[in-house]
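What follows is a short report on a single structure.
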Amino acid sequence: MADFGKFDGSYIAAGEEVGVRKLVDEFYTQMETLTEAEHIRAMHKGDLATIKDKLSLFLVGWLGGPRLYADKYGSISIPQAHQYLVINEVERDTWLLCMTEALKDQNYSDDFKEYLIQQLAIPAERIRHVAKSF
Ligand code: HEM
C-alpha cells in the first residue's frame, strides 16, 4: 500500500480541495438516494449546503491539506460535535456505506479507496462510542 498517510499524500490522492468537494457532494447524493440512509439524512438540518462545506473543509485538513475548517468555522472536536446525536452501529455503518458508494464514483486508485474507508471507520467508531446510543 502506498504511503497515503504521510504528509499531504492523502490530500493529493483525493484530488485536493476540488476532489474532496466532489467526493462530499457524491456522499450526500448517496445519502439522499439510498433507502437505508433515509434515517441519517433525516438527522441533518433541511439544507445540506452548510454541512457539505463543513465536511469538505474538515476532510481537507484531516487528509493532510490546509486547515480550512478551522480558518472558517473555528476549532472542532469531531466526537463532541456529534454528541447530541443518537448514533449506534447502524447509523455508523450507513454513514460509511454512503462514503463507500461515493468512493466508487471517484477517479481514485482501489488502494486509496480502501485506505480511505478504513481510515474513516476510525472516527466513525469514535463518534458512535461518544454519541448517544438510545
Ligand atoms: C458515524 C456516523 C456519522 C453520522 C450519523 C453523522 C451525522 C452528522 C450529522 C447529523 C451532522 C449535523 C449536520 C447538520 O447540522 O445538518 C454532522 C455534522 C458533521 N459531521 Fe458527521 N456524522 C457521522 C460521521 C462523521 C465522520 C466520520 C466525520 C469526519 C471524518 C464527520 C464530520 C462531520 C462534520 C465536520 C460535521 C459538522 C460539525 C459542525 O461544524 O458543527 N461525521 N454529522
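Each residue of the sequence shown is one higher than the one before, counting from 0 in numbering that gives the first Met the number 0. Every residue gets a Cβ at the ideal spot worked out from N, C-alpha and C, and that includes glycine.
For residue i, three-class secondary structure by DSSP
i      : result
Lys103 : helix
Lys5   : coil
Lys44  : coil
Alpha-carbon to alpha-carbon, residue j and residue i
i      : j      : result
Phe111 : Phe3   : 7 Å
Ser9   : Val59  : 9 Å
Asn87  : Trp61  : 23 Å
Val17  : Val129 : 31 Å
Met98  : Ile116 : 7 Å
Ala13  : Ala48  : 21 Å
Lys103 : His43  : 23 Å
Ile11  : Gln118 : 16 Å
Asp70  : Val89  : 33 Å
Glu31  : Gly45  : 12 Å
Glu37  : Lys5   : 36 Å
8 Å Cβ shell around residue i - same chain, five flanking residues per side excluded
i     : result
Arg20 : Lys51 and Ser55
Glu35 : Thr93 and Leu96
Lys53 : Tyr68 and Tyr72
Gln82 : Val129, Ala130 and Lys131
Same chain only: Cβ atoms within 7 Å of residue i, ignoring 5 sequence neighbours per side
i      : result
Ala101 : Leu22, Glu25, Phe26 and Gln29
Ile77  : Pro122 and Ile126
Ala120 : Leu95
Glu124 : Arg91
Whole-Å CB distance - residue i paired with residue j, under 8 Å assumed
i     : j     : result
Gly63 : Asp7  : 4 Å
Glu39 : Phe57 : The displayed chain sequence assigns Ile, not Glu, to residue 39. 17 Å between Cβ atoms; not a contact.
Same chain only: Cβ atoms within 6 Å of residue i, ignoring 5 sequence neighbours per side
i      : result
Leu33  : none
Tyr114 : Phe3
Arg66  : Gly60
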